[in-house]
Structures are given as structure tokens and as C-alpha cells.
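Chains as they are written, first to last, in the working numbering: chain A, 1 to 541; chain B, 542 to 872.
Glycine included, every Cβ here is placed at the ideal spot set by N, Cα and C.
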């Protein structure tokens, strides 16, 4: 692609200091992003290990591979680790941390020390919860439904709950930091409507984080208190209401889905423009749809509870709002597709992940229309249909976006390129493996297989075997990027400042960037995604 | 599973066809959108692939007309989906008047059921084809969920609450019954079957085994055994309100509020009597929490429900029952 030999800059944030202190006491948002990257990668590996156990058990209908206790603890560990310790922090804490100051032309986040604090809080919370999961285990499911979790479960509920409670503060502080940074630290000329859509997406995400997380934090604390001291919050035999827990839990945990998917949508907007060399189609519609998702997303929580015995009229309202929240996602999907129209489309690894994202998020989103439907949901809720649906959103959507973003900004983060062929191969494996894992689960769900079943009727075995086969391929698809990205950190070709020829301030500084990000404060004079001429630092052709 | 078409489950209730119809409608609409967008995506990605490294395509900012089109059309289609789904859901939540009531109690890890004629079953439910069956569902411990895929019905069994579901089986056969809400270690073994029989076979099945005691009769017996009768005397001489004719009526409370004396209220008044005391009475009743099982509660409720004022009787309305309540009861 390039004609002259490239070299890494002499000084950059990675060689600005050596030794463990320079990492563990750093306030550089880029280094903190990497601390998070390492932590969440470990959590992802552990969560995947538990997923493998679940799929292995489901290979046979009679549960002969694992005991019921072990299976229940495995799916709980998978859910808790993936949701609270991987998906929620994934893009914001790594790419968001690294990129938001660079994208808006700032030297760092508004509160660099709070940023470091949030990582420590995350590590402490994760350590406590991991201890609970590994020493004795937890068998409540990641949803902690009462009164099972507070009265009947015989596992480490209180400790795990305290760990999750603590981790919540990490999420709140990161959200707060992003909001203040975006409000106060934009470079001259970086108006709100010149901001990259990645930043808009993170702004909307941060709003959910600071408004929603306190609710789940206090809810999970009430679970721990009821368990330890027998308060009657949720236990009906003590005058509590188990359904109250579900309202409080989903009031956060549904918006939490948007914490996972919005940043990924932000990645898609950046990558799709770069690799089609086009301005984004409908910038303001994509930006505003992020905010619309954040707002309406707070008003749909009870669609998880249509069969709990809620009043039919309130179910009606939640169903209507659920359909409404689908509209902004649809708008985004149409706009991304339209961006390709008459573009100059390059099939590099990040872009392949974008294609995967749009294709799979589409299925995830459209199957949400089945679940939001009052009549259909009664049949498919708590079955594999739901499992398939949210994995299409979280794995097919959020993780595809995360991988796409990681490949896109990897040369900026490390200054080096990975081997493109490996990137393409593993994106193909991920795509095939993912669909083979989760598509059969839609069918299983409509046929009536309930989720969280350690044993199941024999007629469901074929589809379960297909799903496990897919999960095996998916596992390889995830091991490859881990290996070649790691390898490229040391052996990769130097990438140059702007290997993709992308717009955006992060590409105007060196790769890797200097510790202070920019030598001179950038001044922004144009809208985002101006691809009408080669951006600064683009490879000479 | 349906042997002819292994992607849809067997369809064995009237509601199943309603649900499948909405399902297929949404499947077709979303299928058209999905295929359309995938095709556009792939077509654009190939048709407009980069042919030379210095390609600089013309700028397109967007189009308000297009944005409005792809907002309004999906919104309109979704309005249809919503309304249709809501109609089915309302139907699911309105049992026909002639439905026979089967009580369902979930307990880790089994389903305990009782027919109106008193027969009890565990993890099995025998029902006649064509007859509407109303399920009154509760739980003894944690939350469970009563799920029969072939009927497309599911309802949570929530401790302390009575949830309702109903179905009318359309096809003789044996169908899966699952617990769909995770309830601990043996959740996956909290399963059973629903056996749909011809009405005459059902009658034969009912007649088999020892003559059972109906829930009402059992409730009457409990009413005496538990000494309820000491205070709730039929002639308003006791310390508690007269229960004849109370069920289904609006009752005035000491707090000034009024509630309809339904299953939930009667249950609450037994296990937690101090919460909603009837106007004019003292909160002297002890709690029966832990002293009566969920099945005994259901039997007591069935008995209290049976205590209606005989037609033409001029006995005074029970204390607390308002005239509004009487009107309701007469309808």
C-alpha cells in the first residue's frame, strides 16, 4: 500500500516510561485504555471458557457431561463475566478511553486520575466476583432473580453481588469522565455537529451509564442485604415483592444492552466512512438516533416481564415503546447502507467486520420485533429464541463492532500493522462460527426449548449439536486475532500515521501518539468525514 | 415438534394458531427487510468496490426524503405488528366464562395440579379436548413458569400471587410441559406433560381412582379445622366479618380504601391479615403464614368463593360490602 519505508516515531506514549509504576500509576488515557484492554481480554477468555463448558454439556440431551450444579454455575459465570466485566466496559473503557481525547483534540480526559481510579475499582470488583465464581460458584443466572437469589440459592450470591456493585462505580465514573470531557475539552472549531459519530455514541452511552448504573447498583445491594440480614424487600414470605426486583433490575439491564451496542454503532460509523471514502449518509440522523436510543431505551424495561402477571394495559404501553425504540436502530442501519452507495469500497478487515455487524445486528434487531410483540413473546420468552436474539445483538453486534474497531485503530494504538490475510481469515471464521452457533437457537426457541436447561428432550439434540459445532469454529475465530494482534505488537510492520487514509484528528498525530497526544492543539475547520480529498497523512499513492 | 415441518412446534390449542399467524406475518415482513438490506449492502460493496487507490467518490450528505421514508414505513408496519400482537395477548388474558379451573402450584422441582372435581396430579395434566381450561398459577417457593409450547402459553408462577392463563386444546395428544423460569439445581427436570383426551375418555379418567375431595369440600373442612369458623360466623356474631357473599365484591377497608375481594385479597387476608382490615373490625386475626400450604390456601379460597348469598334471600349484606359491590355481584 505504501511506497516509502515507515518507521515508528522516536517518542510515543508506549516508550514514555518503563517499569510497572509507569503503567499502574499512569494517568495517560491511552495507557489506561490498554490496562482495560488487557483486563477485559482476560475476562473474555474466561467467559468464553464457561461458554465452551455450556456448549459441551448441551452436546448430549441427558446432561451426562456435567452435573446440574456445575452446569448452572457455568452458565451463570458465563453471563456474569461477559455482561458485567466484558461487554459493558468493552468498547468504552478501551477504545473510548483511548480515542475520545484524540478524536476531539484534547490532551487527556477531563479527570485523568478518576480515570485510573475507575480501572482500579473495576479490578477490585472483578477480583471479588471472580473469587465468588471460582471458590464455590454462583448459580442464580446473571439476572439474580428473587426470591431464588435471596432465599433459596446455596451459592456465593452476596459476595458476587458486592463485586458487581463495586464494578458499577467504575462504569459510572467512566461515563461521567466522558461527558465532562466531551462538554469541556473539544478543540477549537470542534462543534457538536463536527464531532465524529463515535464520540456521539459514547456521549449517549455515558448518559445511560450515569443514570442507569446507580439503579442496578442499589438493587444488587438490596439482594445482598436481603440475603445476609433477611430484609423483606423481595421475599414474599417477609412481605416483599419478587416482581419489584425484576422492575428495578431491568430498569438498568435493558438500557445496559444499549451501553453495549451504542459504542459499537459508533465504531461502525467511523469504519464505514473510511472504507467507502464517503461522508456518512445522514450524519445528524445517526447522531440523534443515538440519543433517542438512550432516552427511549429507559422506557422499555418491562418487556422482559410480559408473562410475570403484569396488568395487560401496562404490557400494552411497554410493547408500544419497544417498537418505538426499534426505529432509531433502523435509521442507523439504513444510513450505513446508504453510505456505501456510489462509494469507493475497500474490503479490508475492519470493513469486513462492519459488513458482519450490519448483517447480524439486522437479524438481532429484527428478531427484537418478535420479542416486543405481546402475543409472540409469551411463547418465546425464556426460551432459546431469546438467547439467540441477544447473542445476535451482543456478539453479532457489539463484539463484531469491537473487533472491527480494534483492527481499525490497532495501527494507531501500537504503531504497527497486523497481517491482513490473518485478519480476513479470522473474520470469516467468526462470521460462519457465529451463525452456526446461534441461528439454530432461534429454531430451538420457537420449538419450545427453555433456556438454562441442563437436560433437554432428545428431539432438540440435532440443533444443539449444530450450535456446539458453530461455537467451536467461533472459538478458533477468536483465538486467531488474539495471536496475530499480539504478535504484531512486536513484529508488525510500522503502520505510519494514517495507514487507512482516514479523516479524524486521531489520524493527524503519530502512531503511536505521543504521551501528550498533539504537539500543537488542533483547530477544526470542517465537518467530520470529509473524504472529498486525501486526508492529512494518508498513504501516498 | 411438528413432524411434517420440523421448524414449528405442534399446534394444539386455539391460541397456537393465533400466535403462529402473527409470527409468520412478522417473519415475512422482517424477512423482506433483511434480504433487501443484505442485498443492497452486498451489491453496493461489490458494485462500488475501490478500483483505483486514488478513487475519490462524489460527496452525498443525505436525503431528508429518504430519512422520512425509512422512518415512516417501518413505523407503520410496526404499528400493525403491535396491534395484532396486543389483540392476541388480550385474548390470552381473557378466559372464557365456561372455562374449568385447574389450580397449579409450582414447587422446586415439580408441578402440583388440582382439577375442579378434586383430582390431583403431579407433573401431568389431563384435559378434555375442546374445553376451555383456566389455570390459576402460584408457587410455594421461588418463581417458576408454566410453559406448554404446543399451546403457545406461558405464565410465571410467582409466590404470593395468583397468575392466570388459559387454553382450549384442539388436538388429542401428549405435549411437553416445561418450567421456563430458572428455579435452581433441577430446573431442567421440572418438566411434565399435558395429556389431551377425548371428553368421554377424560370422564373415564376422572372416574378412575379413589373418589377425590373437591377443593371446595376440602376448604370447608379446613375452615373448621383451622378454627376460622370461630370468628367468621355465618350470622355476624363473630369477631371477624361474615364471609358469605363477600367473594367478588368490593369491600371497604379501615384505611378508607376499598378492594375487590378476589383470590389475591383472600389469600393476603389469610397469610397477612393485618394489611387490609375490613372497616369496622379490629386487627385481631393471627397470621396463618407457614400454617397453611399453597394448596390449602387454594382450597380455602374455593370454599369462600362458594359462600354466595342464595338467590331471593333477604339477609343483610355483610358488613363492609358496599352497594356498589352488590351491583357487581348481581351482574
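N-terminal and C-terminal residue of the alpha helix (DSSP H) that residue i is part of
| i | result |
| --- | --- |
| residue 182 of chain A | 157–184 |
| residue 743 of chain B | 740–748 |
| residue 338 of chain A | 312–340 |
| residue 21 of chain A | 20–24 |
| residue 391 of chain A | 384–391 |
| residue 799 of chain B | Careful: residue 799 of chain B lies outside any alpha helix (DSSP H), inside the beta strand (DSSP E) at 799–801. |
| residue 427 of chain A | 420–447 |
| residue 271 of chain A | 242–274 |
Minimum Cβ-Cβ distance from residue i to chain B less than 8 Å
| i | result |
| --- | --- |
| residue 278 of chain A | yes |
| residue 497 of chain A | no |
| residue 533 of chain A | yes |
| residue 145 of chain A | yes |
| residue 327 of chain A | yes |
| residue 2 of chain A | Note that residue 2 of chain A scores 45 on pLDDT, short of 50, meaning its location in the model is unreliable and no value can be drawn from it. |
| residue 263 of chain A | no |
| residue 323 of chain A | yes |
Cβ of residue i within 8 Å of any chain A Cβ
| i | result |
| --- | --- |
| residue 656 of chain B | no |
| residue 839 of chain B | no |
| residue 631 of chain B | yes |
| residue 637 of chain B | no |
| residue 805 of chain B | no |
| residue 835 of chain B | no |
| residue 813 of chain B | yes |
| residue 727 of chain B | yes |
| residue 857 of chain B | Only weak support is given to the placement of residue 857 of chain B: the predicted model assigns it a pLDDT of 46, under 50, and the value that follows is read from those uncertain coordinates. False, the Cβ-Cβ gap to chain A never drops below 8 Å. |
| residue 870 of chain B | With a pLDDT of 37 at residue 870 of chain B, under the threshold of 50, the modelled position of this residue cannot be trusted; read the value that follows with caution. Not one chain A Cβ lies under 8 Å of residue 870 of chain B. |
| residue 496 of chain B | This structure does not reach residue 496 of chain B, given that chain B is present from 542 up to 872, and the question cannot be answered. |
Cβ neighbours of residue i in the same chain (closer than 8 Å, five flanking residues each side left out)
| i | result |
| --- | --- |
| residue 271 of chain A | 350, 351, 353, 354, 404, 405 and 408 |
| residue 297 of chain A | 208, 254, 255, 257, 258 and 325 |
| residue 212 of chain A | 251, 252, 255, 256, 259 and 298 |
| residue 480 of chain A | 422, 425, 426 and 429 |
| residue 577 of chain A | With chain A covering only 1 through 541, there is no way to say anything about residue 577 of chain A. |
| residue 283 of chain A | 193, 197, 527, 528 and 529 |
Residue range of the beta strand (DSSP E) that includes residue i
| i | result |
| --- | --- |
| residue 652 of chain B | 651–655 |
| residue 697 of chain B | 694–698 |
| residue 547 of chain B | Per DSSP, residue 547 of chain B belongs to no beta strand (DSSP E) and is neither H nor E. |
| residue 648 of chain B | 641–648 |
| residue 720 of chain B | 714–720 |
| residue 677 of chain B | 673–680 |
| residue 10 of chain A | That residue, residue 10 of chain A, is in no beta strand (DSSP E); it is neither H nor E in DSSP. |
| residue 707 of chain B | 704–709 |
| residue 661 of chain B | 661–663 |
| residue 808 of chain B | Note, residue 808 of chain B: premise wrong, no beta strand (DSSP E); alpha helix (DSSP H) at 804–812. |
Nearest-angstrom Cβ-Cβ length linking residue i and residue j, presumed shorter than 8 Å
| i | j | result |
| --- | --- | --- |
| residue 110 of chain A | residue 132 of chain A | Not really, about 34 Å apart at Cβ, beyond 8 Å. |
| residue 195 of chain A | residue 106 of chain A | Contact doesn't hold; Cβ gap of about 12 Å is too wide. |
| residue 824 of chain B | residue 818 of chain B | 5 Å |
| residue 577 of chain A | residue 413 of chain A | The structure shown does not extend to residue 577 of chain A, since chain A spans only 1 to 541, so no value can be given for it. |
| residue 72 of chain A | residue 454 of chain A | 7 Å |
| residue 9 of chain A | residue 456 of chain A | Their Cβ separation, rounded to whole angstroms, is 57 Å, which puts residue 9 of chain A and residue 456 of chain A out of contact at 8 Å. |
| residue 201 of chain A | residue 136 of chain A | The pair is not a contact, with the Cβ atoms about 39 Å apart (cut-off 8 Å). |
| residue 755 of chain B | residue 659 of chain B | 4 Å |
| residue 642 of chain B | residue 835 of chain B | Actually they do not touch by this definition, with Cβ atoms about 15 Å apart. |
Same chain, Cβ closer than 7 Å to residue i, neighbours up to 5 away in sequence not counted
| i | result |
| --- | --- |
| residue 87 of chain A | 260, 394 and 398 |
| residue 166 of chain A | 121, 124, 125 and 128 |
| residue 665 of chain B | 733, 734 and 736 |
| residue 450 of chain A | 382 and 383 |
Own chain residues within Cβ distance below 6 Å of residue i, not counting five before or after
| i | result |
| --- | --- |
| residue 541 of chain B | Nothing about residue 541 of chain B can be reported from this structure: the residues present for chain B run from 542 to 872 only. |
| residue 81 of chain A | 43, 46 and 47 |
Distance cut-off 7 Å: residue i Cβ against heavy atoms of the ligand HEM
| i | result |
| --- | --- |
| residue 518 of chain A | As presented, the structure is devoid of all ligands, the ligand HEM included, so that no description of it is given. |
Practice task
Inspect the CB distances between the stretch 439–455 of chain A and the stretch 413–425 of chain A and report whether three or more fall short of 8 Å.
Solution key: The stretch 439–455 of chain A makes no contact with the stretch 413–425 of chain A: fewer than 3 CB pairs, one atom from each, lie closer than 8 Å.
Whether or not the stretch 220–234 of chain A and the stretch 135–150 of chain A are in contact is what I'm after, with contact meaning three or more pairs of Cβ atoms, one per stretch, closer than 8 Å; do they touch? yes
TODO: Report yes or no: do three or more beta-carbon pairs, one from the stretch 698–708 of chain B and one from the stretch 673–689 of chain B, lie closer than 8 Å?
DONE: yes
Sufficient close CB pairs (3 or more, under 8 Å) joining the stretch 322–336 of chain A to the stretch 594–612 of chain B:
yes
Next on the checklist: Pairs of beta-carbons, one from the stretch 94–102 of chain A and one from the stretch 34–43 of chain A, closer than 8 Å: are there three or more?
Outcome noted: yes
message: Could you check whether the stretch 236–250 of chain A touches the stretch 363–371 of chain A, counting it as contact only if at least three pairs of C-beta atoms, one from each stretch, sit closer than 8 Å?
response: no
For the 8 Å Cβ check, are there 3 or more pairs between the stretch 563–580 of chain B and the stretch 310–329 of chain A?
no
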